[in-house]
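Numbering (this note's numbering), first residue to last: 84 to 367.
So this is what it looks like as structure tokens:
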């Protein structure tokens with residue numbers, strides 16, 4: 084089976100690290116990697132899209148910079164000593180805003196996974212995940228995303244943390260990417276329940292059993308912690324165990340809308356060290 088993987092790049096060090104991580108994660112698989120650079124002719128993307136035409140000086144210069152950058156990335160891959168015969172690479176330059184360009188590429192190339200860095204050229208510490216990564220995780224809902232922090236290790240995960248309240252039931256296809264990565268990496272899935280009550284109610288018990296059924300065939304273990312904040316609990320758990328990845332189901336207007344953009348995110352650090360797999364609630 085061949086995998087189609089999208090790597091958005093702004094040619095920053097972090098976006099190149101995401102490419103290296105994707106190559107390692109899929110090192111034993113036949114893959115087409117699509118390396119996408121999205122360009123605009125000015126810093127005001129809306130102004131660029133509305134007012135600049137192909138052939139104008141600013142547009143052509145931005146297009147040239149994009150294509151030259153992609154050529155350098157392609158050459159770096161081609162002439163590297165670790166070239167993998169199972170991997171094929173194609174570069175794509177698009178004039179658009181990032182979200183629309185990624186959505187378009189996901190549809191046209193039948194992309195099954197996006198792998199990207201968490202910070203771009205500004206290396207801003209003010210935004211925990213980097214604004215582009217947040218937008219992609221939130222808005223590109225037809226494809227899972229792995230964000231690769233600047234301090235993460237380029238190696239297969241040994242433990243993947245999956246936080247859950249057991250309050251909602253999951254569908255098997257929602258978790259296909261989690262189970263696939265766990266199996267290919269021989270990783271343990273640490274199911275982390277951040278407790279609000281001492282005992283599970285019947286709905287939670289049923290949902291826990293369903294999760295066990297879905298994860299059959301993988302290595303998984305249940306863990307319980309008590310904390311008023313899910314994000315802080317995950318952070319402490321990951322740091323204490325040196326876990327290698329965190330996986331979430333993005334429930335629209337719930338997790339990302341209320342947590343990732345909250346100031347609390349600035350005070351936690353797990354996202355600076357381990358990749359995050361964001362899957363999507365297919366009922367939205």
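Think of the CB as a built atom: it goes at the ideal place given N, C-alpha and C, for glycine as much as any other residue. Just so we're clear, the structure is a prediction, and the values are computed from it rather than from any experiment.
Tell me the DSSP bridge mates of residue i?
i           : result
residue 114 : 86 and 170
residue 362 : 332
residue 122 : 178
residue 309 : 278
residue 55  : Examination of residue 55 is not possible in this model, given that the chain is present from 84 through 367 alone.
residue 198 : 229
residue 137 : Beta-bridge pairing links residue 137 to no other residue.
Tell me the rounded alpha-carbon separation between residue i and residue j.
i           : j           : result
residue 136 : residue 176 : 16 Å
residue 113 : residue 84  : 7 Å
residue 261 : residue 242 : 11 Å
residue 325 : residue 235 : 11 Å
residue 223 : residue 250 : 25 Å
residue 317 : residue 197 : 23 Å
residue 276 : residue 143 : 52 Å
residue 88  : residue 281 : 42 Å
residue 150 : residue 271 : 41 Å
residue 174 : residue 228 : 19 Å
residue 103 : residue 288 : 40 Å
residue 120 : residue 309 : 43 Å
residue 226 : residue 359 : 14 Å
residue 253 : residue 307 : 19 Å
residue 363 : residue 273 : 19 Å
residue 321 : residue 298 : 21 Å
residue 211 : residue 147 : Unreliable placement is indicated for residue 211, whose pLDDT of 44 sits below 50; the coordinate value is still reported in the next sentence. If you take the alpha carbons of residue 211 and residue 147, they lie about 31 Å apart.
residue 303 : residue 93  : 36 Å
residue 138 : residue 200 : 31 Å
residue 233 : residue 217 : 15 Å
residue 215 : residue 305 : 33 Å
residue 58  : residue 86  : Nothing can be reported for residue 58, as the shown portion of the chain is limited to 84 through 367.
residue 190 : residue 179 : 15 Å
Mark residue i as exposed unless 16 or more other C-beta atoms lie within 10 angstroms of its C-beta, in which case mark it buried.
i           : result
residue 162 : exposed
residue 159 : exposed
residue 265 : buried
residue 171 : exposed
residue 400 : A question about residue 400 goes unanswered here, because the residues of the chain that appear run from 84 up to 367.
residue 323 : exposed
residue 145 : buried
residue 311 : exposed
residue 353 : Reliability of the predicted coordinates at residue 353 is poor, the pLDDT of 48 falling under 50, and the value obtained from them is presented with this limitation in mind. Classification for residue 353: buried.
residue 101 : buried
residue 203 : Because residue 203 carries a pLDDT of 47, less than 50, the predicted location of this residue cannot be relied on, and no value is offered for it.
residue 184 : buried
residue 140 : exposed
residue 97  : buried
residue 208 : Note that residue 208 scores a pLDDT of 44, beneath 50, so its modelled location is shaky; the value from the coordinates is reported in the next line. Exposed, because fewer than 16 other Cβ atoms sit within 10 Å of the Cβ of residue 208.
residue 123 : buried
residue 105 : buried
residue 91  : buried
Exercise. So does the region 165-175 actually touch the region 105-124, counting three or more Cβ pairs closer than 8 Å?
Worked result: yes
For this session: Could I get the ranges of all uninterrupted alpha helix (DSSP H) runs contained in the region 209-238, with 4 residues as the minimum, in chain order?
Result: 214-222
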